[in-house]
Structures are given as C-alpha cells and as structure tokens.
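For the sequence shown, our numbering puts the final residue at 838, and the numbers step up evenly by one. Structure first, then comments.
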Amino acid sequence: MGLLVVGAGAVAAFAWALDSTSVAVVLEPASAAGCRVVVQEHSFLMGGRGAVFALPADGLVAPRVSRYSMDDGYRPVDAGSFSLTWTGERGYLEVSGSGVDPVWPRGHEIDCPGG
Numbered sequence: 724m725g726l727l728v729v730g731a732g733a734v735a736a737f738a739w740a741l742d743s744t745s746v747a748v749v750l751e752p753a754s755a756a757g758c759r760v761v762v763q764e765h766s767f768l769m770g771g772r773g774a775v776f777a778l779p780a781d782g783l784v785a786p787r788v789s790r791y792s793m794d795d796g797y798r799p800v801d802a803g804s805f806s807l808t809w810t811g812e813r814g815y816l817e818v819s820g821s822g823v824d825p826v827w828p829r830g831h832e833i834d835c836p837g838g
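The structure is reproduced here in structure tokens:
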C-alpha cells in the first residue's frame, strides 16, 4: 500500500511539473470582427510545443488551428517573439523563436470560426 501511495505521489508531482511549465497567451491585435488568437505553450527540459487556437468574438469554442515545436524549452510567444496580422477574418501568425532556439514551423494561417 505504501508503494502505491508513493507511486501516486510521484505521478502527481510529475504531472504538476509538466503543467507548471505551461502558459497561455491571448495575442494582440484582434481581427476586425473580434476574433482572437490564443497560444498555449508547454516547455519541459530541452524542448517544447505550442498550440494555436482561434477564439471567435462570441468566445464559446476555440478550435486548435495549428501547432509548433520549439527548442531548449524556450517559449517564443510568451517572450513576445511573434507577429500577427489580419486580412478580414484570416490571420497570419509568425512565431520567430530566437537566434539559437528555432521554431518549427514558423508560419501559421488562422481562419476565424464563423468568419
């Protein structure tokens, strides 16, 4: 029984460590109709990943529209290393990374749901 409790504690601690390295960022600017891009970045040790979501103005459901990987646990969007432009309800997000911490892929097309 004691081993089970220790094992459960270790799993909980590992899950907390993974979750504690996550950050969600709502990007500026919004589209003309109010669509927002939300990025969630996870980093752990020497790697990471990001997910790009399009949140319509009604804010009910934000489907994932793209994802990317990054190196060395760097969180580029959280660090402000991105650009977001809109043409109507179609957006383009470029995640730059840093000179030594690349991002794959860099470019992400966003179609706002309902737009």
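C-beta atoms are modelled at their ideal positions from N, C-alpha and C, and glycine is treated no differently. Since this is a predicted model, take the numbers as computed values, not measurements.
Contact annotation: the segment 820-834 touches the segment 789-806, with at least three C-beta pairs closer than 8 Å. Contact annotation: residue 776 and residue 796 have beta-carbon atoms that are not nearer than 8 Å. Counting along the chain, the unbroken beta strand (DSSP E) around residue 771 starts and ends at 770-778.
Residue range 805-810 is occupied by the beta strand (DSSP E) that includes residue 810.
If you ignore the 5 residues before and after residue 800, its C-beta comes within less than 8 Å of the C-beta of 748, 750, 762, 764, 773 and 818, all in its own chain and listed in chain order.
Here the C-alpha atom of residue 758 lies approximately 8 Å from the C-alpha atom of residue 781.
Where residue 783 is concerned, there is no enclosing beta strand (DSSP E), because DSSP gives it neither an H nor an E.
For residue 760, the closest alpha carbon among the candidates 816, 824 and 837 is that of 816.
When 837, 823 and 833 are compared, the shortest CA-CA separation from residue 770 is found for 823.
Within 10 angstroms of the beta-carbon of residue 807 lie 16 or more other beta-carbons, which makes it buried.
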